[in-house]
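Undergrad:
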Amino acid sequence: MSKVKYYYDPDTLSYRKIEPKKSRKYRNIFLFIVGSAIFGTLGHILLLNTNILNTPRELSLQREVKNFDLQFELLNKKLEQMEYVLANIEDRDNNIYRLYFEANPIPEEQRRAGFGGVNRYRSLEGFNNSEMIIATSKRLDIIQKELVIQSRSLDEIAKMAEEKEKLLQAIPAIQPINNEELTRMASGFGWRSDPFTKARKMHWGMDFTAPRGTPIYAA
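Sequential numbering from 1 applies to the sequence shown in this note's numbering.
1. Rounded to whole angstroms, what's the CA-CA distance from S151 to K164? Just pull it up for me.
2. Among residues of its own chain, excluding the 5 on either side of L143, which ones have a beta-carbon nearer than 8 Å to its beta-carbon?
3. Counting only the same chain and skipping the five closest in sequence on each side, list residues whose C-beta sits under 7 Å from that of I216.
4. Nearest CA to the CA of R122: which residue from Q110, A113, I133?
5. Please state the DSSP three-state secondary structure of T241.
6. How about R111 and P105: are their beta carbons less than 7 Å apart?
7. Under 7 Å between the Cβ atoms of S187 and D155?
8. Less than 8 Å between the CB atoms is what I'm expecting for K201 and R192, so what's the real figure, rounded?
9. Would you decide whether N130 is buried or exposed? Buried here means 16 or more other CB atoms lie within 10 Å of its CB.
10. Check each candidate in A135, G126, A161, E108 and name the one with the smallest Cα separation from N76.
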């Protein structure tokens, strides 16, 4: 509250009250209103950024949200590790296993193909963290699809390995007759004229000539 001021009037020989000017009065009122508004705004911001007005349930929910954020961060790190390991297996599959068994490599666009059609993630929209949840779900779906493709590829490789093993078991490891009994090698591996049709054909073995009754060895 402002102090009341007086001045001495020599004409009336008395003290008179000094009345403040209206402009100064209005200015003081304006400054008071502006100051109150600034103070109120700062106080409101301060309260919103502290836990003073939060209820125990709100504090619990805040802790749960932070925990979910941490779990998502850990999950994404694990996904990165899975993607790295899977990429290494895919590289070995195309450049080692399939190359050894003379099989065509799986095209990159087939391994990385996305999902067409309807929106698979519509149910995850509309939440505070929808963008993060949808992105993580997409990564999981892509990894799952790549694992299915790689699993089928390894099954195919395993089947080719079995067939290769049977073929190797059928190929002679030693010469079928003793050199002492060998008369001559009648025909070698490669293209030749068929002895019956005279047509040029691929000969997939070697023919040995020996006297009748010569022992035959197989291994």
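We put the CB at the ideal spot given by N, CA and C, even for glycine.
TA: Reading off the structure:
1. Reading the sequence shown from its first residue, position 151 is the one you call residue 151. Reading the sequence shown from its first residue, position 164 is the one you call residue 164. C-alpha of S151 to C-alpha of K164: approximately 20 Å in a straight line.
2. The residue given as residue 143 occupies position 143 in the sequence shown. Inspection of the sequence shows that residue 143 is occupied by Ile rather than by Leu. Contacts found: L79, M82, E83, L86.
3. As a first step, residue 216 is located in the sequence shown; it is residue number 216 there, counting from the start. Answer for I216: P176, I177, listed in chain order.
4. Taking the first residue of the sequence shown as position 1, residue 122 is located at position 122. R122 has its Cα closest to that of I133, out of Q110, A113, I133.
5. Because the chain spans 1 through 219 in this model, residue 241 falls outside it and cannot be assessed.
6. Locating residue 111 in the sequence shown gives position 111, counting from the first residue. Locating residue 105 in the sequence shown gives position 105, counting from the first residue. Taking C-beta atoms as the reference points, R111 and P105 fail to come closer than 7 Å.
7. Here residue 187 refers to the residue found at position 187 of the sequence shown. Here residue 155 refers to the residue found at position 155 of the sequence shown. Taking 7 Å as the Cβ cut-off, S187 and D155 do not qualify as a contacting pair.
8. Here residue 201 refers to the residue found at position 201 of the sequence shown. Here residue 192 refers to the residue found at position 192 of the sequence shown. So it is a contact: roughly 7 Å between Cβ atoms.
9. For the purposes of this step, residue 130 is taken as the residue at position 130 of the sequence shown. Sequence check: residue 130 is Ser here, not Asn. Taking all protein chains in view, the Cβ of S130 is surrounded by fewer than 16 other Cβ atoms within 10 Å, so the residue is classified as exposed.
10. Taking the sequence shown and counting its residues from 1, one reaches residue 76 at position 76. Selection A135, G126, A161, E108 evaluated against N76 yields A135 as nearest (Cα-Cα).
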